[in-house]
Amino acid sequence: MSSDRFVDDRLLTSRDALNKSQLKIKLVDIDGNARDYSQRFGQRVLVKKILVTIRYLDTEQIEEVELDLEELESRIKRERLFSSSNRWVSPGEIKNNYVISSRHLDLLSDAIALDIISF
Numbered sequence: 039m040s041s042d043r044f045v046d047d048r049l050l051t052s053r054d055a056l057n058k059s060q061l062k063i064k065l066v067d068i069d070g071n072a073r074d075y076s077q078r079f080g081q082r083v084l085v086k087k088i089l090v091t092i093r094y095l096d097t098e099q100i101e102e103v104e105l106d107l108e109e110l111e112s113r114i115k116r117e118r119l120f121s122s123s124n125r126w127v128s129p130g131e132i133k134n135n136y137v138i139s140s141r142h143l144d145l146l147s148d149a150i151a152l153d154i155i156s157f
């Protein structure tokens, strides 16, 4: 394995406030045809589906949830009149098909608001 492909696991893993669970988000599907017309943020890709891996630290149990962010965004717009998610991710924030931890809350905000994922 070359050093340019090495990514520290701490960069990809986020934790809850009480340090009882860890999260990793893997990209499953992105929209290659979506156009980002905002020059301010640079080149970005639109995320459609993600795989969330939750590891509970006290029991070492692992749970995987596949989320369709496009469907969640449309559902929350219907039910609550707005969406707080930002599905646009910079290619620099994607490492080996995983999203870095600083972007986890942005991608999961609609799922948390709809109580699909809870901690």
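According to my numbering, the sequence shown is numbered sequentially starting from 39. Glycine included, C-beta positions come from ideal geometry on N, C-alpha and C.
Of the choices E104, N134, S147, A151, whose alpha-carbon is the least far from that of V45? Your numbering for residue 45 matches position 7 in the sequence shown. Ranking the options by Cα distance to V45, first place goes to N134.
Cβ neighbours of I132 in the same chain (closer than 7 Å, five flanking residues each side left out): Here the question's residue 132 lines up with position 94 in the sequence shown. Short of 7 Å from the beta carbon of I132, and not among the five residues preceding or following it, lie these beta carbons of its own chain, in chain order: L65.
For P129 and D67, I'd like the C-alpha separation in whole angstroms. For this step, residue 129 is matched to residue 91 along the sequence shown. For this step, residue 67 is matched to residue 29 along the sequence shown. Cα-Cα distance, rounded: 14 Å.
Quick check: the Cα distance between N57 and R125, rounded to an integer number of angstroms? Translated into positions along the sequence shown, residue 57 becomes position 19. Translated into positions along the sequence shown, residue 125 becomes position 87. Taken atom to atom, the span from the alpha-carbon of N57 to that of R125 is near 26 Å.
Taking DSSP's pairing of strands, which residues face I100 in a bridge? The sequence position of residue 100 within the sequence shown is 62, counting from 1. In DSSP, I100 forms a bridge with R93.
Does DSSP put D144 in a helix, in a strand, or in coil? Within the sequence shown, the letter at position 106 stands for residue 144. D144: helix per DSSP, three-state reduction.
Spatial neighbours of R141 in its chain, beta-carbon cut-off 7 Å, leaving aside the 5 residues before and after: Residue mapping note: residue 141 aligns to position 103 of the sequence shown, counting from 1. The beta carbon of R141 is closer than 7 Å to those of V127, E131 in its chain, skipping five residues each way along the sequence.
L110: first and last residue of the uninterrupted alpha helix (DSSP H) it sits in: On the sequence shown, residue 110 is found 72 positions in, with the first residue counted as 1. Counting along the chain, L110 sits inside the alpha helix (DSSP H) bounded by residues 107 to 118.
Inspect the beta-carbon positions of I114 and L152 and report whether they are closer than 8 Å. If you number the sequence shown from 1, residue 114 lands on position 76. If you number the sequence shown from 1, residue 152 lands on position 114. Cβ atoms of I114 and L152: closer than 8 Å.
Give the DSSP-derived three-state secondary structure of D47 in the structure shown. Translated into the one-based positions of the sequence shown, residue 47 becomes position 9. In the three-state reduction of the DSSP assignment, D47 falls in the helix class.
Can you tell which of E102, R116, E101 has the C-alpha that lies nearest to the C-alpha of E108? Walking along the sequence shown from the start, residue 108 turns up at place 70. Closest by alpha carbon: R116.
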